[in-house]
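Here the structure is laid out as structure tokens; the discussion comes afterwards.
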Amino acid sequence: MDKGASLFRFHQDTLGYAGTPVLRELSLEVREGDKIALLGESGTGKSTLLRRLRELRPHEVAWCPQQPGLVPMLSAFHNIYMGRLERHPFWYNLANLVRPLARPRAEITELASQLGLAGQLWTAAERLSGGQQGRVGLGRALYQQKPIFIGDEPVSALDERQADELLRLVCARHRTVVLALHNVEQALTHCTRIVGLRQGRVVLDAASQALTPDQLRTLYRSR
Ligand SMILES: Nc1ncnc2c1ncn2[C@@H]1O[C@H](COP(=O)(O)OP(=O)(O)OP(=O)(O)O)[C@@H](O)[C@H]1O
């Protein structure tokens with residue numbers, strides 16, 4: 032299969048915060064068509080890398096952060112709609128806030144049913160369960176309709192069946208996907224490439240088909 036165009040390329044780079052390095056000697060290339068799972072212990076730098084990817088191509092990235100950051104008083108519908116706020120003029124967004132317009136209403140109703148949120152579309156975010164809030168956050172990222180999906184543990188609040196369904200949806204709707212995950216089976220099932228981090232360094236970068244869950248679990252073993 033042809034390799035897609037290069038989207039992100041790091042060569043011996045350091046990523047971190049205000050002079051504090053988190054990822055060291057980072058060499059990594061992400062190409063169009065990649066479906067990458069980032070694995071590694073908590074605190075090893077997965078979110079730091081994902082944030083950097085988003086900063087590098089802000090207009091092409093559908094961003095699903097670890098904390099969905101929903102507006103508590105607004106409905107699931109309106110929180111999902113916020114994924115496209117910037118695409119519309121102020122008056123359109125205001126009109127849609129007061130009385131949802133036909134087009135976004137149809138689009139978001141359809142998306143909400145794929146997310147298993149059909150019955151919660153008009154419920155305020157603050158009245159949803161943690162898993163439902165996570166799905167609204169995911170819906171907002173999907174509604175952005177950008178070619179690259181970057182998700183920071185986007186299904187961590189969901190049960191296995193829902194997580195599998197939604198990861199399938201994410202991968203079907205985006206050519207390029209980079210996800211921080213903790214579940215090695217989910218990573219191998221849904222992603223074609225695994226990047227493993229340990230103590231701020233890339234220690235694994237291989238095709239999923241060449242790997243087993245046990246090999247991936249070693250990323251979480253203390254040495
Ligand atoms: N905004 C920030 N300012 C300074 N340091 C930060 C900031 N965000 C994260 N860090 C530090 O960077 C390191 C890596 O954090 P990061 O969130 O990238 O890890 P992670 O692998 O995504 O962890 P988790 O699986 O728990 O989400 C940690 O030591 C963390 O304290």
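Position 181 (the sequence shown) corresponds to 212 in the working numbering; numbering is contiguous.
Every residue gets a Cβ at the ideal spot worked out from N, C-alpha and C, and that includes glycine.
Its Cα nearest to that of S58, the residue L46 stands out among R118, L46, G182, V201.
The alpha carbon of L146 has as its nearest neighbour, out of F180, D195, L132, D183, the alpha carbon of D195. Check the Cα spacing between D190 and each of R206, T207, G161, V208: the tightest is with G161.
Inclusion of L242 and T75 in the CB contact set at 7 Å is not warranted, their separation being larger than that value. Relative to ligand 1, the beta carbon of S73 is positioned inside 6 Å of a heavy atom.
Taking the Cβ atoms as the reference, L173 lies roughly 20 Å from A218, outside the contact range of under 8 Å. Ligand 1 has no heavy atom closer than 6 Å to the beta-carbon of T243. Excluding its 5 nearest sequence neighbours in each direction, G170 has C-beta neighbours in its own chain below 6 Å: I111, L142, L146, listed in chain order.
Nearest to P135 by alpha-carbon distance, out of P103, G114, F180, G150, is G114. Beyond the five residues adjoining it in sequence on each side, L148 comes within less than 8 Å, by CB distance, of A107, Q163, R166, V167, G170 in the same chain, given in chain order.
Where A194 is concerned, the enclosing alpha helix (DSSP H) starts and stops at 191-204.
A direct Cα-Cα distance of roughly 4 Å separates L54 from G231. C-alpha of A188 to C-alpha of Q97: approximately 10 Å in a straight line. In this structure, L84 lies away from I225, with their beta-carbon atoms at least 7 Å apart. Within 6 Å of the C-beta of T45 there is not a single heavy atom belonging to ligand 1. At a cut-off of 4 residues, the continuous stretches assigned as alpha helix (DSSP H) that sit fully inside the region 142-193 are 161-174.
DSSP places H119 outside both helix and strand once states are collapsed to three, so it counts as coil. Within the chosen limit of 6 Å, ligand 1 reaches the beta carbon of G76 through at least one heavy atom.
Secondary structure of H221 (DSSP, three-state): helix.
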